[in-house]
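Protein chains: 2
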Amino acid sequence: MPHKLNQIFSALADPTRRKILMILLEDDMAVTDIADPFDISLAAISKHLIVLTNAGLISQERRGRVKWCKLETEAMHAAFVWIQTFGKLDPISLDSLEEFLAKEKLLNPSDLG
Amino acid sequence: MPHKLNQIFSALADPTRRKILMILLEDDMAVTDIADPFDISLAAISKHLIVLTNAGLISQERRGRVKWCKLETEAMHAAFVWIQTFGKLDPISLDSLEEFLAKEKLLNPSDLG
DNA sequence: ACTTTATTCAACCAAATAGTTGAATAATAA
DNA sequence: TTATTATTCAACTATTTGGTTGAATAAAGT
């Protein structure tokens, strides 16, 4: 029973897992399809998905022999709220705005990792 | 040279480090004073502070024999922006931009007027 | 000069992490 | 039934992590 935030931030700390989350932004997906753009084994991806599931960042539902993965927003929101509550963030920064716009345009997950 | 977000999220994943950050919200502090409320060794705290420093979440400045630690907001902001951007990637919308700006302002109410 | 205070270093340990490979399970297709 | 496909399990490895202790360094204070 580790604190949820531990698991959430820990899950987000890995670039492969962040990339998986971005891929899932596009659509719900099967494990094999998620694994496709990566160079690591399917078993490794499977483990990453378990970590993401335990953190509550995604959910997995088996239908037939395929396990569908979908984003769950609540956990990410919890992390967001923690940071927001923490406060002390800069006032409107042009930097972050530019970064935001750049990323909006790209939509290439690998560029955001 | 791991990705900055790796280090930031990884640093935030540990409850001791999150607590240290909150303590530092109150004021800049020396290592020993930060360590006071914890039950672990000073050396362990020292290591945590190095992790936080490497992530850019705090800075340390030696004055005399005391090393002063202070929050640095930029790294936290980067994590914040990443999460926020994550939620907004789906549609490229003016709405999301406006929302982005609105939230930026809300973070620091004193800048509103 | 000696002592105390503040912090880190070095060596170690146990547990966790991210990866591998090969076998196992489970559902569908031929 | 026999393959094929989708996913996980098991066992292993290398690296990282969070902690310990005791010694080392550095700057004051007396």
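Residue numbers (the numbering used here), protein chains in the order written: chain R, 2 to 114; chain S, 2 to 114. For every residue, glycine included, the Cβ atom is placed at its ideal position computed from N, Cα and C. None of these values were measured; they are calculated from a predicted model.
Neighbour-count burial assignment, residue i, 16 or more Cβ in a 10 Å radius
{"i": "P16/S", "result": "exposed"}
{"i": "S60/R", "result": "exposed"}
{"i": "H4/R", "result": "exposed"}
{"i": "T86/S", "result": "buried"}
{"i": "L26/S", "result": "exposed"}
{"i": "I51/S", "result": "exposed"}
Coarse secondary structure for residue i, derived from DSSP in three states
{"i": "L58/R", "result": "coil"}
{"i": "R63/R", "result": "strand"}
{"i": "A115/R", "result": "Nothing in the structure corresponds to residue 115/R, since chain R is present only between 2 and 114."}
7 Å CB neighbourhood of residue i in its chain, flanking five on each side removed
{"i": "R19/S", "result": "L13"}
{"i": "F39/R", "result": "T17 and I46"}
Contacts around residue i, its chain only, beta-carbon distance under 8 Å, and the 5 residues preceding and following it disregarded
{"i": "I175/R", "result": "In the structure as shown, chain R begins at 2 and stops at 114. Residue 175/R is therefore absent and cannot be evaluated."}
{"i": "L43/S", "result": "V32, T33 and A36"}
{"i": "H49/S", "result": "D15, T17, R18 and I21"}
Cβ distance (whole Å) where residue i is taken to contact residue j below 8 Å
{"i": "A31/S", "j": "V67/S", "result": "5 Å"}
{"i": "I35/R", "j": "I24/R", "result": "6 Å"}
{"i": "I21/R", "j": "L53/R", "result": "7 Å"}
Residues near residue i in its chain [Cβ-Cβ closer than 6 Å; skip 5 each side]
{"i": "N7/R", "result": "none"}
Residues in the region 4 to 35 of chain R with C-beta within 9 Å of chain S's C-beta atoms, listed in sequence order?
-> H4, L6, N7, Q8, I9, F10, S11, A12, L13, A14, D15, P16, R19, L22, M23, L26 and E27
Looking at chain R, which residues of the region 71 to 89 of chain S have a Cβ within less than 9 Å of any of its Cβ atoms?
-> Only those residues of the region 71 to 89 of chain S whose C-beta falls short of 9 Å from the nearest C-beta of chain R are listed: L72, T74, E75, M77, H78, A79, A80, F81, V82, W83, I84, Q85, T86, F87, G88 and K89.
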